[in-house]
Amino acid sequence: MAETTIAPTTARAGGIRRRTDAARTALARSVLLHIVMVLGALAMFFPFYWTVVTSLSPGSGLSSTPSLIPADPSIEAYQRLFADLPFARVVGNSLLLATVTTLAQLFTSATAAYAFSRLPFRGRTVVFGIYLATMMIPLQVLVVPLFAELRAWGLVDTYLGALLPTLAAAFGVFLLRQAMNQVPFELDEAAAIDGAGHFRTFWTVILPNIRPALATLAVFAFMGSWNSFLWPLVVLRSPELQTLPVALAGLQGQYTTQWDIVMAGSVVSILPMLAIYLFAQKYVIQGVANTGLK
């Protein structure tokens, strides 16, 4: 009788011990994961923090080591930045190019993606694959032929010359096509029954259902154009057409560089991107999760 009583008790004790060990293992993994994530977040945040600290430390540079907390913070670098740099003009140039690029990529990518997603035609998969293959060609390889072509057209040192190579993007087509493939084809059929053609289906059915992907593309396109350096440097020769990244690069001297002013300009150039991303963060995460990763 005693044996039959002890056996279930021992089994229950063993089950409780196993559950306790599993809970401890899960807790240890969770703590380790959170530590790694916190360290990763700090590693990514530190360069931006160091940029801000350097911009608030007058006369600091790479040869000196500012403290993590500025002993005597000053906005002198920002004042000199706005005094030495035609800030309104270069920001206006960058804003113009980034806005036009974003709107153009939204239009060209959405229409091309609709064709690849909804219009059956011979060789569609092959054409789409070739179109995606262009993403593997770096801009540095295309600079010389693009510049020669624009010079033959008389578009060097013009806004149009700076914009033409950026009006369409293979990544945008891929992202929006993946999003459109997630929209049920039954919605197209229902719209066709109501007498809708391709344009009406595209405008009233497809676009409202891929808003997160459109927001994601808009953020990526705006950020890419805003931070673009090589192409505006090559094609825009006049000082009045300079963009913000090119103007900031001009702050670095040949023999000496006032890094506090350079860092102040970097902070100012980052703020619009930070604001846009914080505003569209929800749509960006949702758009990438629902399209590009499927």
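Residues 527 to 820 (the working numbering) are what the sequence shown spells out, left to right.
From the three backbone atoms N, C-alpha and C, an ideal C-beta is built for every residue, glycine too.
Tell me which residues share the same chain as residue i and place their Cβ nearer than 6 Å to its Cβ, disregarding the 5 neighbours each side in the sequence.
{"i": "residue 799", "result": "749"}
{"i": "residue 822", "result": "For residue 822 there is no data in the structure shown, the boundaries of the chain being 527 and 820."}
{"i": "residue 681", "result": "687"}
{"i": "residue 665", "result": "none"}
{"i": "residue 527", "result": "Legend: pLDDT at residue 527 = 46, less than 50; position of this residue unreliable, value from coordinates given subsequently. For residue 527, where only same-chain residues beyond five positions count, there are no Cβ hits under 6 Å."}
Between the options, which lies nearest to residue i when the distance is taken from Cα to Cα?
{"i": "residue 731", "options": "574, 550, 644", "result": "644"}
{"i": "residue 698", "options": "688, 667, 707, 742", "result": "742"}
{"i": "residue 807", "options": "785, 762, 739", "result": "739"}
{"i": "residue 575", "options": "557, 546, 559, 596", "result": "596"}
{"i": "residue 696", "options": "633, 613, 564, 805", "result": "633"}
{"i": "residue 862", "options": "546, 557, 552, 625", "result": "With the chain covering 527 to 820 only, the question about residue 862 has no answer from this structure."}
{"i": "residue 603", "options": "559, 584, 613", "result": "584"}
So residue i and residue j are in contact, right, with Cβ under 8 Å, and what is the actual spacing, rounded?
{"i": "residue 639", "j": "residue 703", "result": "4 Å"}
{"i": "residue 578", "j": "residue 793", "result": "6 Å"}
{"i": "residue 683", "j": "residue 763", "result": "4 Å"}
{"i": "residue 582", "j": "residue 600", "result": "6 Å"}
{"i": "residue 689", "j": "residue 627", "result": "6 Å"}
{"i": "residue 631", "j": "residue 693", "result": "7 Å"}
{"i": "residue 791", "j": "residue 777", "result": "6 Å"}
Leaving out five residues on either side along the sequence, give the residues of the same chain with a beta carbon under 8 Å from the beta carbon of residue i.
{"i": "residue 669", "result": "756, 757, 760"}
{"i": "residue 733", "result": "636, 740"}
{"i": "residue 726", "result": "717"}
Skipping 5 residues on each side, what residues in its chain have a beta carbon closer than 7 Å to that of residue i?
{"i": "residue 773", "result": "611, 616"}
{"i": "residue 620", "result": "752, 769, 770"}
{"i": "residue 484", "result": "Residue 484 cannot be examined here, being either before or after the span of the chain that is shown, 527 to 820."}
{"i": "residue 654", "result": "642"}
{"i": "residue 819", "result": "Any reading at residue 819 must be qualified, since the residue scores a pLDDT of 47, below 50, and its modelled position is unreliable; no value is offered."}
{"i": "residue 661", "result": "696, 697"}
{"i": "residue 715", "result": "none"}
{"i": "residue 647", "result": "none"}
{"i": "residue 650", "result": "642"}
Sequence ranges, alpha helix (DSSP H) only - wholly within the region 733-800, length at least 4: 737-752, 756-761, 770-775
Write down every uninterrupted run of the alpha helix (DSSP H) in the region 541-624 whose length is 4 residues or greater and which is fully enclosed by it, in chain order. DSSP runs (the alpha helix (DSSP H)) wholly in the region 541-624: 602-610.
Uninterrupted alpha helix (DSSP H) stretches inside the region 624-678 (no shorter than 4 residues): 650-659
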